Every structure is written in C-alpha cells, then in structure tokens.
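Here the protein sequences come in this chain order: A, B and C. The first sequence begins at 1442 in our numbering and counts up one residue at a time. The second sequence begins at 1442 in our numbering and counts up one residue at a time. The third sequence begins at 1442 in our numbering and counts up one residue at a time. Don't be surprised by glycine CBs; every beta carbon is placed ideally from N, CA and C. These numbers come from a predicted model, not from an experiment.
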Amino acid sequence: MRLHAYSLETANTPGRIITLTTDSGESDYFVGAMKGVILSFRPGAQIIDITHEIPPHQILPAALILAAIYRYYSPQTVHLAVVDPGVGSERRPIAIQVANQFFVGPDNGLFSFVIDQNQGARTVHLVNREYWLPETSATFHGRDIFAPVAAALSNGTEIDHLGPAITDPIRLQINRPQFHQNGTISGRIIHVDHFGNCVTNLEWNHLKSRLTEQRFRCQVRSHLITRLLSYYGEDATQPPEPFLIAGSAGFLEISLRCASASLILGVTVGDEVAIAT
Amino acid sequence: MRLHAYSLETANTPGRIITLTTDSGESDYFVGAMKGVILSFRPGAQIIDITHEIPPHQILPAALILAAIYRYYSPQTVHLAVVDPGVGSERRPIAIQVANQFFVGPDNGLFSFVIDQNQGARTVHLVNREYWLPETSATFHGRDIFAPVAAALSNGTEIDHLGPAITDPIRLQINRPQFHQNGTISGRIIHVDHFGNCVTNLEWNHLKSRLTEQRFRCQVRSHLITRLLSYYGEDATQPPEPFLIAGSAGFLEISLRCASASLILGVTVGDEVAIAT
Amino acid sequence: MRLHAYSLETANTPGRIITLTTDSGESDYFVGAMKGVILSFRPGAQIIDITHEIPPHQILPAALILAAIYRYYSPQTVHLAVVDPGVGSERRPIAIQVANQFFVGPDNGLFSFVIDQNQGARTVHLVNREYWLPETSATFHGRDIFAPVAAALSNGTEIDHLGPAITDPIRLQINRPQFHQNGTISGRIIHVDHFGNCVTNLEWNHLKSRLTEQRFRCQVRSHLITRLLSYYGEDATQPPEPFLIAGSAGFLEISLRCASASLILGVTVGDEVAIAT
C-alpha cells in the first residue's frame, strides 16, 4: 500500500473532524460540556483538541494558532474556536466557510488571519436559533451556540441556513513589519512558543535572500544577534548565544539552544526586532 | 439536512463513548495506560478526556465536574472517574447505572451529585474479577479495575454481572445554603473556575427573583457586592469592581471583568457568601 | 456479552491507533499540526494523546513513559514520539517494529527501554522521502517526517519501504542498580510522578523477597525509611512519614501519604537510594 503524495485535495473525510481551540483550560467542566453537546448532535464526530491553553481572553494567540493549523486538515473540517470575553454582549456569533473548511466562534478577530490568507470567505451571522441549544445562557455560548452549530455544519447543514451573510467580520489590526529605505527592517515579537522561541511577524520568505547572502545585525532590546542558523542544535557557542532561525510556521524566530530565549534574554511579545543589512 | 431539536433521548450512539475524569495529570504514564486498556478491551471506543487536572486527591471538584457534564452526553455513555486516594484500602470499587448512563470509579463520594440529581440509581460493588485485568496492583485500580470494567459496560455487559448491588454508596456532605428568616442567605464558594470566577453553592433558580427584583448586598470576606450583571463583559466600572452573575452551570458566581476574582479579591473555596435583600 | 480474559493477542484493531508522546506542550500549534497531517494521510486514525508535557528536550522521561504504556496497546498500534532537540542535525529519523507494534521518532534513545525489553526489534533509517511531506523544515520533523510516516505505517506500509535497516539505534545508558556483596543495594530516583512519588530504578520483583521478609533501612539524602506499605492510604503516622511501596509500573517508590514526597523530603531525580537489609 502506498501513500499518495501529500495533498489536501485528495484527503477525503467529509465532515467528521471537529477541532477545538479554546481558553477554557483543561481543569474545568467547560470543554467536557462542549464535547458532549457536539457528540449528541453529531454522533461519531472525531473531536480533535488543538489547545485549551490559550491565555484567558487573549484573542491574538488563538488567531495565530488557527492560521497555523487549518492547512493541515482535510476539506470539510470544522474548526470551533472559543476565546470569548464578549460572550453575552452585542458581539456577533459567526460561522465562516473558507478554504473548503468551516470556522465557528465569536466575531472578535479570531479568524482574521484565516480570512486574510484566503479569497472568498463566506461569513454568516448566527441568528437561527433552531441550530442552538433550546436554552442559551449569557455566559457560555461555546456550549449553547457554537458547539451545536459546529455539529450542524459537520452534519452537512449549509452555512446559509444558520443566518444571514455579513461582509464585515472583525479583523485584528496587527503591526506589519516595516521595510525602510535604508535597508533596515523592523518587526515585532508576536508569540513566544512552548520552548521559549520568540516568533516574529517577519515572514521568512521575505527575508531569506537578505539574511543568507550578506551580513546582518539584528537588535532586540539590548541584544545584538548576528547569526542565522538552520536548525536549533547547530549552535555550539559556549555559553549559548542567541541566533535567528526560520521557524516551522514560516516566521523568523529568535532562539537559544535548549533554553527559553524569551526568559533568558528577557524579551517577549510586543518587543521590537530591528534588522540592518 | 436538519438537526432535530436537542434531545438526549434522540441521540443514539449506544456504548461507544467513554469519558475520563482523573487527577492523574497529563505528564505521566497513568492516562496512557488506562486508554490502552480501554481500547484493548473495547476496540473502537471513543475516549473523551473531560479532565486529568483535578487537584491530586480532591474528590469534591471531580464530583462537581461530573455533575456538570453528564447531562450533555448521550445514553449509554460510560463515565470513568479516578480520584482515588484510598486505592488499595477497604474502599469499594463501584459502578452505577443512573440517568441512562454508567459511572465507574472508587466509592468515595465522586458520584454524590449525580446520584442526588436522579431517581433510581443502581450501584454495584465491583467484585467479579473476571472483568478486571488478571493481575491487579494495590496502587492503580484506574488501570487494573476501572478501565476494564468501563470497557465491559461499553461492550454491553450488564451491570449486575460486575458484582452485587449495594444501597449505601458514599455521599459527600456539602454545606447547603441557609435561607434565614430575616431574608439573609448564606452560602459558600465551592469552586474557583479556570478564569477565576468564584462559583457558589447558591442555585440561580432559587435566587433569581430575589436578586433581580430588589436591591441586595452581598458580602464575601471584606468585599461588598451590590451589582448583578447578566454577562461578563457588561461591567464598565473603572477600575473593575466585582459583581454577581448567573454562571453557566446554574450557580451564582462572583466575578471580575477579564480578571480572576479569586486572586484579586483574595477569596477562595470555602469562603462564606452572605446575601441580604 | 462476556469479555475474554485480558490478552493483547486477542485484541485486534489493526493499524487504527496512533499514540502521541511529545514535549510540545498543549498551548501551541505543534500538536494540532501533527494531528492534521496524521488524519490527512490516514483518515479515520484514532489518535490517542499519551502526553505532550514531557519537559522540553528531556529524553529519559519520554523513554520511561513509552516503556510503561506500550504493553497496554493492541498489535499494530503506532507510537509516535517527538522529543527532538537534535531536529535538523545529523541525528537519524527512525522507525522500529517491535512487540507487534511500531515506534516512530528521532534516533536519540527515546525507544531504548522498549528495545531492551523485547527481542527482534527491526529498526529502519527513514530516508524514503516519498512518505514525508513534500517540503520538510529543519525545525519540525514531528510534522514533516514523523507524522506522515506514522500514518503510512498505520495504513499498512511495510517498514522496509521507509528506509534501510540499521542495527545501532541509540540506547540511553542509565545507571543500573548495584547489588553489593554486603547485602546493600544502591539505586537512584529516575522519575517523580504527578503525585510526587519518587520512582526508583529498583525493580520490585528483584527486591520483593528481601524487603518483605526482613528488616531494612533505606537511606535517601538525610532521610531514613524503614517501612514498606502495600497501598498509599495504609500509612497512619502523624505527621505523615515516608514509606516504600511497589509502584504500579513495577518499580520501588518512595512515597508520602497524600502529599509530594519529592517536595516535602527535598529529593528528586538522580538522588541515590541505598537499602541495607
């Protein structure tokens, strides 16, 4: 038996996979209740935990993770995302059809990057209560609205049955890197990963030629970094010194061998990263 | 394709779902071993992690979570719960059939609230070793007894084959709220959730009319709370001040906008909550 | 319906289960990306999270967990393990067929104990890029190589199609206990579990007769332990005093009633445990 070359188009498990991305933690009843609702509405769904450890109420990290994972899932996958500080307020519950997949959650920017990366997103405002739990609380729409709607999409319900189309889903404004005339580039750290690598908003594809073909100087806070390595273990400095590297999600990272660059360098999300070539 | 109105009765995935609620953490081999045993005895089981982050040896939070989630699962679901400080001692291993579902674990109060909420629970003392692993340790019944018994129930084994019926499963004694003649109500904080909301033992349905129709004063430690909000984001005080809210599991909560009420107010499980109306 | 006596041989779910053991944490996109790749290559795979909380870059704890769980899984299970500080370097990616199961990950000792415990392991060096993602990064082989290879094995691909056989997979050298002529035994703490129990490298089967039939004195740092208990709750000392116990994975443990022996005694991985009988 042979695998085909990797192709999202040939993968074909229509509607069975529902992923979960939340800030609900894993120590409470929230996730268990959502899973129960999903499985009651959509028996046989394959529930995939992406993470429940988004920092409470932080939309940006969840939006980044969604943008980093959806491309690995097959068509018809439903991504349920609940980071929802505005639950119960006027903020709209929405569902989006984009990239042959579905996204369900609050309209607060969670899906910004997925929409940015794809043409033709179709967004609907979830107002059809027929697809919700019969009683909805004002404090847990993950269970009462988003879980049953995700199940409905997984069951094959057309997105237009869920509510009217809207064209103005909220998009996060994140700083874009600046490419100055004098050749300097300034970006920012937008994420610190589990290992302490500092992920910047600088796309590797845009920097590759500049960094690999000439000398550069990268400044972040008081630290000067002049090395670009191709894998984490390549560093042999003693004591370990920070280096740049092309991260696996396509962004430039600031790293330290087998240690947290964020903790040891004292840099974190929001810090400016200036590169002169 | 249309979803039916939500109904646990119409959901129908007999015996495939087995949920797990433990204090075993996610960094050890315990959960992986239990899952392997379940899948070896019951190939094709759909294992749903509720949580493995119950604080070690704490029975009450696990009992609360079980009571909060089971109603979202379909008939025949088996709930396996292992918070078991008395493993290996005289404490009985039990299985319970209640609310069209099954519960398996140690007899130490884990299932108190589920039993309280339903008539006609049937409890058996697990003594039939035919349904256990052939060798049982004195330190890990989750793997050796409860996992294979949960698999057996999921396979359709009748509960009475597992051991003799008993009528005295251990019930936790938790303080019930007191409704005093002078109109004051006193309850307690019984849980602090992942977001720092302080969940009380005061059922919203019992308080709704009193709190919404008149002024009230709620005291917890040195804090006086006089506002009832309907959703978390409704608060606009600057700096944020605590408020009461109807939590999603049906209990009154003490909350703070986008912050941990428990940490910032310095209140926690066990603290008294007094309400005067 | 009756369960057969527990037998891994009779369990039969060919190739559907893929377990995951990583140090990737649960707050990042890493695990979600790997799961997506697995499900795209192997629709319908049953993904079982063993743990993603291995301390970053620590190979030994992952190797111990793999050795502790695989025996509970059915034949054809694929165990995917990614603790990979050497990703992108010369370290080999490998797959192993042993004990009727498959193991996939970096060649850095992760599978040492599984190989030690079984005859006839067949190890291949993963070089056939046909089974990888078409583009591979130098920083995330878990997604780019190991996940699609695990899916291939689960699909029934023969291990020899993945690359040439090798006979020298890396084996961790861990200290073995020493049995001295004067009757003393010296071992070490090799793991502290979620509850704070200190797991030693002393196999219970080798010590059973000595400890149960005569007096012994066990020294770890400044603590003298003279009691062997059969279950955690058996201890009734006030205040609680440490004791030895046969742990559920087959090793002698140092424990404290309902508390972390490691934290309270101030002992941890690497500490010597000397027993005189």
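Contact with chain C by residue i, beta-carbon distance below 8 Å
i, result
"Ser1553/A", "no"
"Ala1579/B", "yes"
"Ser1650/A", "no"
"Arg1584/B", "yes"
Neighbour-count burial assignment, residue i, 16 or more Cβ in a 10 Å radius
i, result
"Ile1649/A", "One detail in the question is off: residue 1649/A reads as Lys in this sequence, not Ile. When all chains shown are included, Lys1649/A counts as exposed."
"Asp1464/C", "buried"
"Asn1638/C", "buried"
"Thr1460/A", "buried"
"Val1640/A", "buried"
"Gln1499/C", "exposed"
"Ala1677/A", "exposed"
"Gln1614/A", "exposed"
"Glu1654/A", "exposed"
"Ile1716/C", "buried"
"Val1568/C", "exposed"
"Pro1547/A", "buried"
"Arg1656/C", "exposed"
"Gln1558/C", "exposed"
DSSP bridge partner residues for residue i (one or two, in chain order)
i, result
"Phe1544/A", "His1520/A and Ile1537/A"
"Ser1627/C", "Gln1619/C and Ala1715/C"
"Thr1564/A", "Ile1537/A and Ile1607/A"
"Gln1487/B", "Ile1458/B"
"Ile1695/A", "Cys1639/A and Leu1685/A"
"Thr1709/A", "Partner(s): none; Thr1709/A has no beta bridge."
"Arg1658/C", "Ala1717/C"
"His1632/C", "Val1640/C"
Cutoff 8 Å: residue i Cβ touching any chain A Cβ
i, result
"Ile1459/C", "no"
"Ser1595/B", "no"
"Gly1688/B", "yes"
"Ala1503/C", "no"
"Ser1745/C", "With chain C represented from 1442 up to 1718, any question about residue 1745/C goes unanswered, as that position is not in the structure."
Min CB distance residue i to chain B below 8 Å
i, result
"Ile1506/C", "yes"
"Ala1474/A", "yes"
"Ser1468/C", "no"
"His1635/C", "yes"
"Cys1659/C", "no"
"Val1710/A", "no"
"Gly1529/A", "yes"
"Cys1639/C", "no"
"Gly1674/C", "yes"
"Ala1486/C", "no"
"His1722/A", "Beyond the ends of chain A as shown, which are 1442 and 1718, falls residue 1722/A; an answer cannot be given."
"Ser1671/C", "yes"
"Ile1510/C", "yes"
"Glu1494/C", "yes"
"Ile1537/C", "no"
Candidates the options, of which the one nearest residue i by Cα
i, options, result
"Arg1532/C", "Gly1597/C, Asn1549/C and Gly1561/C", "Asn1549/C"
"Ala1588/C", "Ala1579/C, Gly1597/C, Asp1601/C and Leu1574/C", "Leu1574/C"
"Leu1521/A", "Pro1497/A, Phe1543/A and Val1528/A", "Phe1543/A"
"Leu1652/A", "Arg1662/A, Arg1668/A and His1664/A", "Arg1668/A"
"Gln1679/B", "Ala1687/B, Arg1563/B and Cys1699/B", "Cys1699/B"
"Gly1688/A", "His1664/A, Thr1709/A and Asn1646/A", "Asn1646/A"
"Val1661/C", "Ala1690/C, Glu1682/C, Leu1643/C and Arg1629/C", "Arg1629/C"
"Asp1634/A", "Thr1709/A, Gly1674/A and His1664/A", "Thr1709/A"
"Pro1516/C", "Pro1547/C, Ala1540/C and Asp1525/C", "Ala1540/C"
"Ser1671/A", "Asp1585/A, Ser1663/A, Ile1695/A and Ser1595/A", "Ile1695/A"
"Ile1491/A", "Thr1625/A, Gly1466/A, Ala1579/A and Pro1526/A", "Gly1466/A"
"Val1555/C", "Asp1585/C, Gly1546/C, Val1524/C and Ala1504/C", "Ala1504/C"
"Phe1684/A", "Arg1658/A, Gln1487/A and Gly1691/A", "Arg1658/A"
"Thr1580/B", "Ala1592/B, Val1523/B and His1664/B", "Val1523/B"
"Ser1481/C", "Ser1703/A, Asp1712/A and Tyr1514/A", "Tyr1514/A"
"Gln1560/B", "Phe1636/B, Thr1608/B and Ala1591/B", "Thr1608/B"
"Ser1530/C", "His1582/C, Ile1488/C and Pro1484/C", "His1582/C"
Within-8 Å CB hit, residue i to chain F
i, result
"Gly1477/C", "This model lacks chain F altogether; the protein chains it does include are A, B and C."
Heavy atom of the ligand FMN within 7 Å of residue i beta-carbon
i, result
"Gln1538/C", "The ligand FMN is not part of the structure shown, which contains no ligands of any sort."
- Message: Whether or not the region 1615–1624 of chain A and the region 1509–1521 of chain A are in contact is what I'm after, with contact meaning three or more pairs of Cβ atoms, one per stretch, closer than 8 Å; do they touch?
- Response: The region 1509–1521 of chain A and the region 1615–1624 of chain A do not touch, with fewer than 3 CB-CB distances between them shorter than 8 Å.
- Segment contact flag, the region 1591–1610 of chain B with the region 1493–1506 of chain B, C-beta cutoff 8 Å, min 3 pairs: Short answer: they don't touch.
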